[in-house]
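Report on the following structure.
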Amino acid sequence: MEEQRTDTILNSLAEGVITVDKEFKITFINEAASLMTGFHKDEVIGKICKNVFKSEFCLENCPIARILKFGKSIFDFDSQIECKDSTPVPIRLNAALLRDENNNPSGGVITFRDISILKKIEGILNDEFNFHGLISNSKSMKEIFTLVKQISDSAAPVLITGETGTGKELIADAIQNLSKRVKNNYVKVNCSVIPQNLLASELFGHLKGAFTDAQKDRVGRFELAHNGTIFLDEIGEMPLQMQPQILRVLQDGTFERLGESITRSVNVRIITATNIDLEKTINEGRFREDLFYRLNVIHIELPPLRKRTDDIPLLTNHFLRKYSLIYKKNIPHIDDECIEHLMQWHWPGNIRELENAVEFAVIRNKTDKDLCICSFPQKIRENIYCDQKHSEKLNIQTPFENSNLLALLNQYKWNKTKVAQILGVDRTTLWRKLKSMGIK
Amino acid sequence: MSEMLGNHYFQLKNFILAEDTYERLLPAELANLKVKRKLIICYTQTNKLSKALQLLIDLIEQDSSTIIQFNSREEDCPCNDLIFQIESGIITYPLYQDSYLALGILWLYCNYRTSLNYFQMAIKENPNNDLLNKAFNLIKKLSKQNILQTN
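This is the structure we're talking about:
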């Protein structure tokens, strides 16, 4: 009875589950694993695991054997298994040992999920126009990519400027990934998100009792980034009174935790980014000129999308491939007129806006034909309509849509504004719909 | 050291590590016939044939059904492959009698008649080896009782 209950639980999981005994013979396979691999349980129970799934890691890198050797369970280990029809399937697995009453290993359990789609997306991201997640074939961006490669190994501060959505954080990530500090800590701080009164404690740490809520000692972000890199996003939002401390770390790598008199030293590379005009803030007295010059040793300015419109077809196709995979749609291309129209739009939100627009269009598109401008958000397509009914009229009133709506809400972590935007409805309409579904 | 890790090395055909793991395990697991059966195979591959022979005798005396009920295909036994490699000269031993003995032991897991032939050949090369004669007589006795089958 208990065994049947366990089987029912394991069969209800979306992840594949396989257990083996100490001879590595399969003792259990759940329904999800059967579905993924094509093997029925009667075909595999009692057979030696490696002879069935023929994973490239079955021999030297058998996950269960690794646990036996090193004593640690395995999480998110990428591997590949062979299905019944000999098709290889990329999987991401977790593995753990099963033990008998004497605590001796008596078998192992492997849970896994199919990551084919993820791998395809990675493939898209790895193509020739992709530089660490930045897609471009334009001259200006290629020059930036070259500069990033040249400066990544130095420890000099980098200031990245550019409008919102141009990929400043991706450039910072690329610098870190290409630098010698890649294996050390990489700490990201968004200066505009942290309340001004907590920023000093967040960046430099504090001692217990340094202020009312300081209940224990805390290590600051600069210390965490020691020997690595710190990325200070939205540096233009840094309060004026904090700026001398940042300047001091930049100049001699020293600081004190709040409430402490000991001076600490760190070796940190500082990358900063902003979408505001720092020289203007200097003139307005909101940013220190000396700090600006310290930060601005290497300046990377990312062009807005409207100044590299040649990239729009490339980016649009890239996002089309990505979201077609995610939403399991078979949309081959984007039609030429649509591309032309997209190239004329001024894209104030830059690449982020383009990506959201393509995602919206892919969700709306109901045919397997090329993506048409009529599927894009209204503000982009303006008054262009077509009579070919490419797009699904989004109607969140029908019962069928309820599950889709919930899936979409889950996907966007219940960000109702974003979901309303994707559905092309007002946030209040979405709220009314959720209320009618009994969801508060 | 666990039996499971030994099994992993054994399946990898890393007989040195498998032997080491099983040997450490055996004092606490004297009744574990599966470990003994695999350790015998390891010994044939690390050229410790006297140890293999002694353990084989222990195993038969302890429980002859371990050999009888053994299904080399189901157990993913490497014997067929090892036999092929010894018979075709890929794996070699310093003395003929060692090759015959290794083959006699390995064939026992697959076909007792061929095993007996190889044991006879080994005895011919080394007639005064008591262990060899003892093992041969035990296997012969089992075969006469029609206990052994061709797996």
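Residue numbers (the numbering used here), protein chains in the order written: chain S, 67 to 506; chain G, 928 to 1078. Think of the CB as a built atom: it goes at the ideal place given N, C-alpha and C, for glycine as much as any other residue.
Residue i versus residue j: straight-line alpha-carbon distance, rounded
i: G/L922; j: G/E956; result: Chain G is shown only over 928 to 1078; residue 922 of chain G falls outside these bounds and no answer can be derived.
i: S/R430; j: S/C149; result: 34 angstroms
i: S/E355; j: S/I226; result: 17 angstroms
i: S/T232; j: S/K499; result: 35 angstroms
i: G/L1058; j: G/S977; result: 8 angstroms
i: S/M409; j: S/D434; result: 23 angstroms
i: G/I994; j: G/Y1039; result: 10 angstroms
i: G/I943; j: S/K234; result: 55 angstroms
i: S/Q477; j: S/Q487; result: 14 angstroms
i: S/L101; j: S/T177; result: 14 angstroms
i: S/F321; j: S/Q309; result: 12 angstroms
i: S/F466; j: S/D108; result: For S/F466, the pLDDT reaches just 39, beneath the cut-off of 50, and the residue's location in the model is therefore unreliable, leaving the point undetermined.
i: S/L344; j: S/I439; result: 38 angstroms
i: G/T1041; j: S/I114; result: 28 angstroms
i: S/L269; j: S/N263; result: 11 angstroms
i: S/M304; j: S/D239; result: 21 angstroms
i: S/Q307; j: S/V315; result: 14 angstroms
i: S/I155; j: S/V253; result: Strictly speaking, residue 155 of chain S in this sequence is Val, with Ile absent from that position. Distance between the alpha carbons of S/V155 and S/V253 is about 35 angstroms.
i: S/S145; j: S/A80; result: 18 angstroms
i: S/D318; j: S/G199; result: 33 angstroms
i: S/K373; j: S/A221; result: 30 angstroms
i: G/K1068; j: G/E988; result: 12 angstroms
i: G/Q1024; j: S/F119; result: 40 angstroms
Contacts that residue i makes with chain S (C-beta to C-beta distance below 7 angstroms)
i: G/E930; result: K88
i: G/N934; result: K88, E89, F90
Bounding residues of the alpha helix (DSSP H) (the contiguous stretch that carries residue i)
i: G/I967; result: 960-972
i: S/T495; result: 493-502
i: S/E68; result: 68-77
i: S/E355; result: 355-361
i: G/G933; result: 930-938
i: G/Q1014; result: It is worth fixing the name first, because residue 1014 of chain G is Glu in this sequence and not Gln. Counting along the chain, the alpha helix (DSSP H) containing G/E1014 begins and ends at 1006-1014.
i: G/I1032; result: 1023-1035
i: S/E109; result: 107-110
i: S/I133; result: 129-136
i: S/T347; result: 344-349
Neighbouring residues, chain G, relative to residue i (Cβ below 7 angstroms)
i: S/I439; result: Correct list: empty, because the minimum Cβ distance to chain G is about 59 angstroms.
i: S/I147; result: Those do not exist, as S/I147 stays about 17 angstroms from chain G at its closest Cβ, beyond 7 angstroms.
Beta-carbon proximity of residue i to residue j, cut-off 7 angstroms
i: G/D990; j: G/L960; result: yes
i: S/V83; j: S/N96; result: yes
i: S/P414; j: S/F426; result: no
i: G/E930; j: G/L952; result: yes
i: S/L298; j: S/T338; result: yes
i: S/G286; j: S/G271; result: yes
i: S/K186; j: S/L472; result: no
i: S/I241; j: S/S218; result: yes
i: S/D142; j: S/R158; result: yes
i: S/K88; j: S/S172; result: yes
i: G/Y1045; j: G/G1031; result: yes
i: S/N362; j: S/E300; result: no
i: G/A1029; j: G/T971; result: yes
i: S/V332; j: S/F288; result: yes
i: S/N416; j: S/E229; result: yes
i: S/I405; j: S/L437; result: no
Span of the beta strand (DSSP E) around residue i
i: S/A280; result: It is not in any beta strand (DSSP E) - S/A280 carries neither H nor E in the DSSP assignment.
i: S/R158; result: 154-165
i: S/P369; result: It is not in any beta strand (DSSP E) - S/P369 carries neither H nor E in the DSSP assignment.
i: S/G173; result: 171-180
i: G/A955; result: That residue, G/A955, is in no beta strand (DSSP E); it is neither H nor E in DSSP.
i: S/R335; result: 335-340
i: S/D87; result: 82-87
i: G/Y1020; result: Neither: G/Y1020 is in no beta strand (DSSP E) and is coded neither H nor E.
i: S/V253; result: 252-256
i: S/S245; result: Note, S/S245: premise wrong, no beta strand (DSSP E); not H, not E.
i: S/S145; result: 140-148
i: S/I95; result: 92-95
Residue i CB to nearest heavy atom of the ligand SAM below 6 angstroms
i: S/E345; result: This structure lacks the ligand SAM; in fact it carries no ligand of any kind.
Neighbouring residues, chain G, relative to residue i (Cβ below 9 angstroms)
i: S/N170; result: S929, E930, M931
i: S/C257; result: Here the premise fails: no neighbours, minimum Cβ distance about 51 angstroms.
Partner residues on chain S for residue i, Cβ-Cβ distance less than 9 angstroms
i: G/L1043; result: Those within 9 angstroms of G/L1043 in chain S number zero; the least Cβ separation is about 29 angstroms.
i: G/L939; result: L125, E126, C128, A131
Within chain G, the residues that residue i reaches when beta carbons sit closer than 8 angstroms
i: S/K135; result: L932
i: S/N117; result: D1003
i: S/I114; result: Q938, D1003
Original post:
Residue ranges of each alpha helix (DSSP H) run of no fewer than 4 residues wholly in the segment 385-440 of chain S, ordered along the chain?
Top reply: 402-410, 416-430
Subject >> Complete runs of the alpha helix (DSSP H) confined to the segment 259-308 of chain S [at least 4 residues] >> reply: 262-270, 287-290
**OP:** Run through the segment 192-236 of chain S for me and flag every whole alpha helix (DSSP H) of 4 or more residues, listed as ranges in chain order.
**Re:** 205-217
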